[in-house]
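Sequence lines, in order, name chains A and B. Each residue of the first sequence is one higher than the one before, counting from 20 in my numbering. Each residue of the second sequence is one higher than the one before, counting from 1127 in my numbering. Yeah, the Cβ is synthetic: ideal placement off N, Cα and C, and Gly gets one too.
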Amino acid sequence: MGGIGLVLNVAKDALLTQQYAIDVTSHNIANVDTDGYSRQTAVIEAKDAAPYGGFIFGRGVELNDIVRNTNNFIEARLQSGQSDLNYASEQVTYMNVLETVFDESSSASLSNQFDEFWTAWNDLANNPSGIPERNILVENGTLLSESFNNLYADIGKMTNEINNSIKTGINDINGILTKIADINMKIVAIETSGNANDLRDQRSQLVNELSQYMEVNTYEYDDGNLVVTTGKGYTLVSRADTYPLTFEGNNIILESSPSARIDITDSIESGKMGGWLDMRDDVIPEITDNIDELAKTLIWNVNSIHSQGVGLESLSSVTGAYAAIDTATAGIGAAASGLDYYDKIVDGGTFNIWVYDSALGTATSSTITVDADASMAQLAADITTITGGNVNASITDGRLNISADSGYTFAFSDDNSNVLAALGINTFFQGSDARGIAVNEGIIGNKNNIAAAKVDSSGEFAEGDNTNALEISDLQYQDRTIRQWTYSEGTAAAEDITNTTLDEYLHMLVSSIGVKSQSMQRTMEYKETIQNELTTARDNISAVSLDEEMTNLIKFQQAYTAASKLISTADEMLDTLLEVR
Amino acid sequence: MRIASKTIYDRINTSLQGTYSDMFDAQEVVSTSKRINKLSDDPVGLVTVLDLRSSLSNIEQLGKNVSMGSSWLTASESALTQVDDILTDVKALTVQMSSANTGSSERANAATLVGEYLDEMISLANSQSGGRYLFAGTNTDTAPFALNETTGEVDYSGNDTEFSIKIGSGTNIAVGKVGTEIFGENWDDDNIFKSLVDLKASLENNDIEGIQDVMGNLDQHATKISAEISEIGGKSIRMQTKESIIEDLKLTYTDRKSQLEDADVSEAVIELNSKQLAYNAALTSASKVMQLSLVDYLSA
Chain A
20 MGGIGLVLNV
30 AKDALLTQQY
40 AIDVTSHNIA
50 NVDTDGYSRQ
60 TAVIEAKDAA
70 PYGGFIFGRG
80 VELNDIVRNT
90 NNFIEARLQS
100 GQSDLNYASE
110 QVTYMNVLET
120 VFDESSSASL
130 SNQFDEFWTA
140 WNDLANNPSG
150 IPERNILVEN
160 GTLLSESFNN
170 LYADIGKMTN
180 EINNSIKTGI
190 NDINGILTKI
200 ADINMKIVAI
210 ETSGNANDLR
220 DQRSQLVNEL
230 SQYMEVNTYE
240 YDDGNLVVTT
250 GKGYTLVSRA
260 DTYPLTFEGN
270 NIILESSPSA
280 RIDITDSIES
290 GKMGGWLDMR
300 DDVIPEITDN
310 IDELAKTLIW
320 NVNSIHSQGV
330 GLESLSSVTG
340 AYAAIDTATA
350 GIGAAASGLD
360 YYDKIVDGGT
370 FNIWVYDSAL
380 GTATSSTITV
390 DADASMAQLA
400 ADITTITGGN
410 VNASITDGRL
420 NISADSGYTF
430 AFSDDNSNVL
440 AALGINTFFQ
450 GSDARGIAVN
460 EGIIGNKNNI
470 AAAKVDSSGE
480 FAEGDNTNAL
490 EISDLQYQDR
500 TIRQWTYSEG
510 TAAAEDITNT
520 TLDEYLHMLV
530 SSIGVKSQSM
540 QRTMEYKETI
550 QNELTTARDN
560 ISAVSLDEEM
570 TNLIKFQQAY
580 TAASKLISTA
590 DEMLDTLLEV
600 R
Chain B
1127 MRIASKTIYD
1137 RINTSLQGTY
1147 SDMFDAQEVV
1157 STSKRINKLS
1167 DDPVGLVTVL
1177 DLRSSLSNIE
1187 QLGKNVSMGS
1197 SWLTASESAL
1207 TQVDDILTDV
1217 KALTVQMSSA
1227 NTGSSERANA
1237 ATLVGEYLDE
1247 MISLANSQSG
1257 GRYLFAGTNT
1267 DTAPFALNET
1277 TGEVDYSGND
1287 TEFSIKIGSG
1297 TNIAVGKVGT
1307 EIFGENWDDD
1317 NIFKSLVDLK
1327 ASLENNDIEG
1337 IQDVMGNLDQ
1347 HATKISAEIS
1357 EIGGKSIRMQ
1367 TKESIIEDLK
1377 LTYTDRKSQL
1387 EDADVSEAVI
1397 ELNSKQLAYN
1407 AALTSASKVM
1417 QLSLVDYLSA
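In structure tokens form, the structure reads like this:
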């Protein structure tokens, strides 16, 4: 076809095409703020030419395609960067919480309580029979214990919060997986005939959201189907099928099929999930374990000195602070006994019990030799027999109880078997870790039982004696062997032996939290910079520039005006022709 | 290069937030005048700060211990100086009373005087500091010396361990004394009380020989007491030295802690100002850039 008809046809196509181009432009302008939207371009091409009257005439314009402007390489980098950034930022969030838990600027901080505790022992050594000094010591001991207890509780709360986040996160992930599978189907259906640009944008946005939770890999089939796998290659979505995650116990399970359930907890190393899991399984347990070691060492060292001393008065009854599970058969020096400090008991060691007869005013000493392989029941029987009848040892609820007959009292001295401290007899603290540490009930009930003094070789002891208090207050200067735990991902916790004072150990621990937090902040800042650069690079390709769209709008508008001018010209030409008679 | 509209807004956001958070941090340093506000601000410096804080608390406690020890030593010194004075007086009295010119009635009077000296001596041996007995070993709650009316001897009820205080890591210093080490272990010639009791009896019995026997012992006692006084003096000097060392350490530690922990206020204020300036600049440039758009230049 040629002639005016051709002009009209070309004009019609041009009008339509420019109109489509304006449609695309308006879609772009409308989505200038839409997250994940990729700018679309109308691909306009000249129509195939056709021969007419011996010449080849162009036949106008047509809209060939509407394409998204994306760069798959940058998109993939952005996704993995998203995982890294979210990993770091979640860790920073929780490290900030940890930093406030260990707030060292407050007077209630653990290291301050330590200082106060030692001060109280010093004050007692200066005035051994003073009641105010004893009250303050119990008060400070309780505050120190509570600081430990609160730390433990606060850190425990963090673990719960993290588990809640993981649960919500898994729900989110499963929702995203279903949506991706949905969109997969739609894209396949649409792309038999054209481009599903906006659906593709939505799908990459979903994959992006998924990457915030964990690192994922994607692979696209020719038909537009997207397969999403975990970083380690377990399939999450393929075509319309999803493989949802479940949270069971403390683990994340991927259900490949009802029969194949894979625990992927340890393989998630990035994204929010990776951050939470690292925090929950490495960072927090390391701190808790080390705090426990500190509490355990403090309790043991104070108790082992305290248990060998004597208070303002001798005892008429004392009950152990530590309970055994097996009192009848297991040796007290064996783990089977269930005693917290079973390993401290020295086989063949001895301790003295002084029995005071108030009527006669005499002091009689009995030396008990400890057999670590013998049961607690055996020890109780030995104590009763060897002390000669006026002092009776028995076991209640796994605890050793020693009571004197009326008119008799008793005290302890020279324990090199450690059995008194291990059973919690005449100790200052009870408990064996950060959660359980507390001042012994026997001390709180009767502050005269604080053992500032020692029984001398003739069985005598003085209220004004401070020898035991001096020994305890010297603990703050002494290096102790304390275990230090290091947790790292994928390996068992490593144990290190340190030789420091209790204070120094605590300071090291506190600073290690600061170091970790600082390095995480730096990692986050670095990842943020990279992510910003990548986002800019992506946006330079894919995001909408209003200036550009406005220019295009005018360009297409003018083309549209020109095309309509074509029609009026063709119309005039036809009129001219029709006027010819 | 093609710049998307979103990029401009993202940039503005990032830079405003960045400069704002810098300004916030600088403000916190100024308002707390502390350089380390969070553990992560300077974890390495923090360990030192925590160590210094513990050391300071410890040093303050040692200061308290030392000043208590000093007061014990001062009290002991003054008690023993009085003991020495009494011994000198008694010595003079014995010299006078052992003279053949002295009559029995004068000796009887002197016996009363010696009785009073004995009471005073016992009361000095029961000297206290802050309610605790100085010469009772660690049995510091009970008066260590008392005249036993039946035996006529002065009994010791303290024990044999010296009362110590802590003046440093693993360093205890005895500030109290075991009374028997000063006044005599057994009821024999080395016992100051026995000398006075014997003297009193000899004076009452007009026994010149007995008086002369005591005279020799008195010299030994005086030597012993002088030695004790000088030992206590030595300890006092040690305490004073310790006290000034503690004061010095306190200053040094406080200084070092402050260097690590405290912010240089003028520097912090300048830092805050420069952050404010940066924030201002970011705001101004943002407001300028945000206004620009081709849309504004196209007529409808």
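For the options V51(A), Y106(A), G77(A), Q37(A), the alpha carbon positioned closest to that of R541(A) is the one of Y106(A).
Residue state for Q221(A) is assigned as helix, using DSSP reduced to three classes. For D1148(B), same chain residues with a beta-carbon under 6 Å away, outside a window of 5 residues either side, are K1401 in chain order.
Nearest CB-CB separation between L565(A) and chain B: below the 8 Å threshold. Taking 8 Å as the upper bound on Cβ-Cβ separation, chain B lies near residues W137, T138, N141, D142, A144, N145, N146, P147, S148 of the segment 136-155 of chain A.
In this structure, DSSP gives Y361(A) a helical state, which the three-state scheme calls helix.
Along the segment 560-587 of chain A, the positions whose C-beta sits under 8 Å from a C-beta of chain B are I560, S561, A562, V563, S564, L565, D566, E567, M569, T570, I573, read in chain order. Within the segment 1262-1295 of chain B, the residues whose Cβ lies closer than 9 Å to any Cβ of chain A are, in chain order, A1262, G1263, T1264, N1265, T1266, D1267, T1268, G1284, N1285, D1286, T1287, F1289, S1290, I1291, K1292, G1294, S1295. For I48(A), the CB contacts under 6 Å within the same chain, skipping 5 residues up- and downstream, are E568 in chain order. The C-beta distance from I351(A) to Y360(A) rounds to 10 Å, too long to fall under 8 Å, and the pair is not in contact. A residue is called buried once 16 or more other Cβ atoms fall within 10 Å of its Cβ, and K251(A), having fewer, is exposed. DSSP, reduced to helix, strand and coil, places N420(A) within a strand of the structure shown. Counting C-beta atoms within 10 angstroms of its own C-beta, G243(A) has 16 or more neighbours from the protein chains shown and is therefore classed as buried.
The DSSP-derived three-state label of T53(A) is coil.
Neighbourhood of L489(A) in chain B, by CB distance below 7 Å: S1290, K1292, N1298, in chain order. Per DSSP, the continuous beta strand (DSSP E) segment holding V337(A) begins and ends at 336-338. The C-beta separation of M298(A) from I181(A) comes to about 6 Å, placing the pair in contact by the 8 Å criterion. Counting C-beta pairs closer than 8 Å gives fewer than three between the segment 1162-1172 of chain B and the segment 1321-1336 of chain B, which falls short of the contact rule. If you draw a straight line from the Cα of S1413(B) to the Cα of G294(A), it is about 37 Å long.
Runs of the beta strand (DSSP E) spanning 3 or more residues and lying entirely within the segment 485-566 of chain A occur at 499-505, 513-519, in chain order.
Short of 6 Å from the beta carbon of E210(A), and not among the five residues preceding or following it, lie these beta carbons of its own chain, in chain order: G243. At a beta-carbon threshold of 7 Å, none of the residues of chain A lie near I1372(B); the nearest stands roughly 13 Å away. For A1251(B), the closest C-alpha among the options S1193(B), S1283(B), V1156(B), V1192(B) is that of S1283(B). Considering only T161(A), S477(A), A391(A), G77(A), the residue with the shortest C-alpha distance to T381(A) is S477(A). By alpha-carbon distance to A1218(B), the top candidate from L1199(B), L1239(B), S1392(B) is L1239(B).
The alpha-carbon of I372(A) is positioned some 8 Å away from that of T406(A). Within the segment 1136-1164 of chain B, the residues whose Cβ lies closer than 9 Å to any Cβ of chain A are, in chain order, D1136, R1137, T1140, T1158, K1160, I1162, N1163, K1164. The way I'd put it, the segment 544-561 of chain A does touch the segment 86-99 of chain A; three or more beta-carbon pairs between them come closer than 8 Å. Taking 8 Å as the threshold, the shortest C-beta distance from F121(A) to chain B falls below it. What D1388(B) touches in chain A, judged by beta-carbon distance under 9 Å, is nothing: the nearest beta carbon there is about 12 Å away. Listed along the chain, the chain B residues whose CB falls inside 8 Å of the CB of S130(A) are L1176, R1179, S1180. Scanning Q577(A), S164(A), T595(A), A556(A) for the CA closest to the CA of S57(A) turns up A556(A). Under the three-state reduction of DSSP output, E591(A) falls in the helix class. By DSSP's assignment, G1294(B) forms a beta bridge with T1297(B). The beta carbon of T500(A) sits no closer than 8 Å to any beta carbon of chain B. The segment 62-77 of chain A makes no contact with the segment 200-218 of chain A, as fewer than three CB pairs between them are under 8 Å.
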